[in-house]
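For reference, the structure discussed in these notes is given below.
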Amino acid sequence: AWAPFVTSLPGEALTDEEWSAEVERAMDSSSATGILFETEFASVPSLKRLTDWVATKWFPAILKTYEIATIKTGARPVYASSPEEGKVEILWQKLEDFKSVNVGKLVIDISETGMTARRQMIELGGERSLQGENVFVRRLADAAAQAIEKGLAVKPIVVVPVIEEVPVVPEPVVSTTVASAGTVVKEDDSAGPRGAGARRSSQRSRGAKRRKEPSSPEEKPPASSGEESSSSTWQ
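Just so you know, we're using our numbering here: the sequence shown kicks off at 27 and counts up by one.
Given below as structure tokens:
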């Protein structure tokens, strides 16, 4: 049965058009000659060096992984060859009557602009996929990243679209008061004594106490009752 899988890898997010192309490619990969992997390079300094590295360095390391090493029955990847520059073929074989029978191969095409991997079935039977091919597909993404780190390929330049920022004009703030009845009433700036035309009183001097002065110098304060009694007794 055909079962797709999605792998999360570091890098730029895909657009809707790129996702549609990836889904279409995944649907085509269920065929006997479907493309399983595809990546892009800005350039490849030497096709021969990259081809030799995939066949002699990368493939033996994947062959020793747990997922591939524990395949006991059926067809399994056996060896990788490079029939020409820019092409690596990984052969799957199975044992029948003590004889090795070629079942299919994974063909990796390397160009100056990218790398693709496609399935090529030799023995057409009930199986349309190679056992353990998903491991190689996942590890091919790591192979592309390692090739860039080792200088065997150049990372493509991603053009980020420039989004023009539209300035946001803030809306004027309206001061409102919520009345007890639940209605919202706008405050009137003309309300109050100032709005009615009243003027501010003149500024008063602070800290100086005003004393009341007598109206004329002839006025004197009345004598106390004690003084009046003493004068009458003396007479």
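C-beta atoms are modelled at their ideal positions from N, C-alpha and C, and glycine is treated no differently.
No experiment lies behind these values; they were computed from the predicted model shown.
Beta-ladder partner(s) of residue i, from DSSP
i, result
"residue 126", "121"
"residue 135", "113, 142"
"residue 155", "Answer is none; residue 155 lacks a bridge partner."
"residue 61", "144"
"residue 66", "140"
"residue 180", "69"
"residue 107", "115"
Boundaries (first-last residue) of the beta strand (DSSP E) holding residue i
i, result
"residue 169", "No beta strand (DSSP E) contains residue 169, which is instead part of the alpha helix (DSSP H) from 159 to 175."
"residue 89", "Taken as a continuous stretch (DSSP letters only), residue 89 belongs to no beta strand (DSSP E), being part of the alpha helix (DSSP H) at 85 to 89."
Nearest residue (CA-CA) to residue i, options the options
i, options, result
"residue 127", "95, 100, 62, 189", "100"
"residue 183", "174, 189, 104, 190", "174"
"residue 167", "134, 194, 123, 102", "134"
"residue 94", "156, 169, 43, 189", "156"
"residue 120", "106, 110, 111, 149", "149"
"residue 132", "125, 81, 98, 71", "81"
"residue 154", "130, 195, 113, 98", "130"
"residue 115", "136, 98, 41", "136"
Boundaries (first-last residue) of the alpha helix (DSSP H) holding residue i
i, result
"residue 77", "73 to 79"
"residue 94", "92 to 95"
C-alpha gap between residue i and residue j, whole angstroms
i, j, result
"residue 91", "residue 178", "24 Å"
"residue 61", "residue 191", "40 Å"
"residue 181", "residue 197", "46 Å"
"residue 171", "residue 66", "11 Å"
"residue 79", "residue 69", "16 Å"
"residue 43", "residue 96", "39 Å"
"residue 146", "residue 158", "14 Å"
"residue 176", "residue 89", "21 Å"
"residue 46", "residue 139", "21 Å"
"residue 266", "residue 74", "In the structure as shown, the chain begins at 27 and stops at 261. Residue 266 is therefore absent and cannot be evaluated."
"residue 76", "residue 142", "13 Å"
"residue 193", "residue 144", "49 Å"
"residue 71", "residue 64", "19 Å"
"residue 39", "residue 112", "29 Å"
"residue 103", "residue 123", "19 Å"
"residue 105", "residue 189", "50 Å"
"residue 125", "residue 107", "20 Å"
"residue 110", "residue 169", "20 Å"
"residue 199", "residue 41", "40 Å"
8 Å Cβ cutoff, residue i in contact with chain D
i, result
"residue 178", "No chain D is part of this structure, which consists of one protein chain only."
Inset, instruction - Count the CB pairs spanning the region 72 to 87 and the region 162 to 179 that are closer than 8 Å, and state whether there are at least three. - result: yes
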